[in-house]
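Peer 1:
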Amino acid sequence: QKEVEQNSGPLSVPEGAIASLNCTYSDRVSQSFFWYRQYSGKSPELIMSIYSNGDKEDGRFTAQLNKASQYVSLLIRDSQPSDSATYLCAVNGPAGKSTFGDGTTLTVKP
Amino acid sequence: DTAVSQTPKYLVTQMGNDKSIKCEQNLGHDTMYWYKQDSKKFLKIMFSYNNKELIINETVPNRFSPKSPDKAHLNLHINSLELGDSAVYFCASSLRTGAYGYTFGSGTRLTVV
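Chains as they are written, first to last, in our numbering: chain G, 383 to 492; chain L, -1 to 111.
#1: Skipping 5 residues on each side, what residues in its chain have a beta carbon closer than 6 angstroms to that of glycine 391/G?
#2: Would the stretch 37 to 55 of chain L and the stretch 65 to 75 of chain L be scored as touching if the rule is three or more Cβ pairs under 8 angstroms?
#3: So, valine 490/G versus phenylalanine 415/G, is the Cβ gap smaller than 8 angstroms?
#4: Check each candidate in Arg107/L, Tyr100/L, Thr109/L and name the one with the smallest Cα separation from leucine 428/G.
#5: Are isoleucine 76/L and glutamate 56/L touching if we call contact CB-CB under 8 angstroms?
#6: Quick one: which chain G residues come within Cβ less than 9 angstroms of phenylalanine 62/L?
#7: Identify whether serine 112/L lies in helix, strand or coil by the three-state DSSP scheme.
#8: Within a Cβ cutoff of 6 angstroms, which residues of the same chain sit near threonine 444/G, ignoring the five residues on either side of it in sequence?
#9: Does any residue of chain G bring its CB to less than 8 angstroms from the CB of glycine 103/L?
#10: Taking only the alpha-carbon atoms, compute the straight-line gap between isoleucine 19/L and isoleucine 54/L and give it to the nearest angstrom.
#11: Starting from the C-beta of leucine 81/L, find all residues in its chain whose C-beta is less than 6 angstroms away, skip the five residues before and the five after it, and write them out in chain order.
#12: Between which two residues does the beta strand (DSSP E) carrying isoleucine 53/L extend?
#13: For aspartate 409/G, tell me which candidate among Thr468/G, Cys471/G, Gly475/G has the shortest Cα-Cα distance.
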């Protein structure tokens, strides 16, 4: 079992729709959770961090965390073509090492 | 005013050669990392330094040797390059070790021929 698993994708949504990206993790002692966006040929960029159960909203992005289910998700509202990218889920353990999922590629169609 | 800068951006070299990649951050962060991203886009940690001290050393061949002369710099030297070393290598930094997200450099695309 992979330490961090994401929807295999690719995910395609129409412009203006909600994109939902999911991630599960195996280590129960994980403490912090991150979403990165990576455009093709570019480096990952941190877009959301979440540390406690519940929702965290930042503009069109909402991160959701459920530690009991070992599940973290990212919702993108009013999706735009510029949101088309690969989204990486990352989970930090106590030592601070970030373990990444394989990524989910999102395409937003105009 | 680049936050995490890596050089070179591209590196094409022959098998058996030795090469180095340099990384510098001007964010005042304490912790720096090397990650390898393979052709399937999977990011895997290689090393981590906190204030010049090696704190994470994953299962990486001995041909890879990191060096951190100060907390703003982290270099990666690779000996006897092999075809399988071809990948994108990312340097990253975080404020401290622990519950902090990373700032990544632009990456070095290494191609071994």
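Glycine included, C-beta positions come from ideal geometry on N, C-alpha and C.
Peer 2: Looking at the coordinates:
#1: Thr486, Thr487
#2: yes
#3: no
#4: Tyr100/L
#5: no
#6: Near phenylalanine 62/L there are no residues of chain G at all, since even the closest Cβ is about 17 angstroms away, more than 9 angstroms.
#7: The structure shown does not extend to residue 112/L, since chain L is modelled only from -1 to 111, so the question has no answer here.
#8: Asp437, Leu457
#9: yes
#10: 18 angstroms
#11: Val110
#12: 51 to 55
#13: Gly475/G
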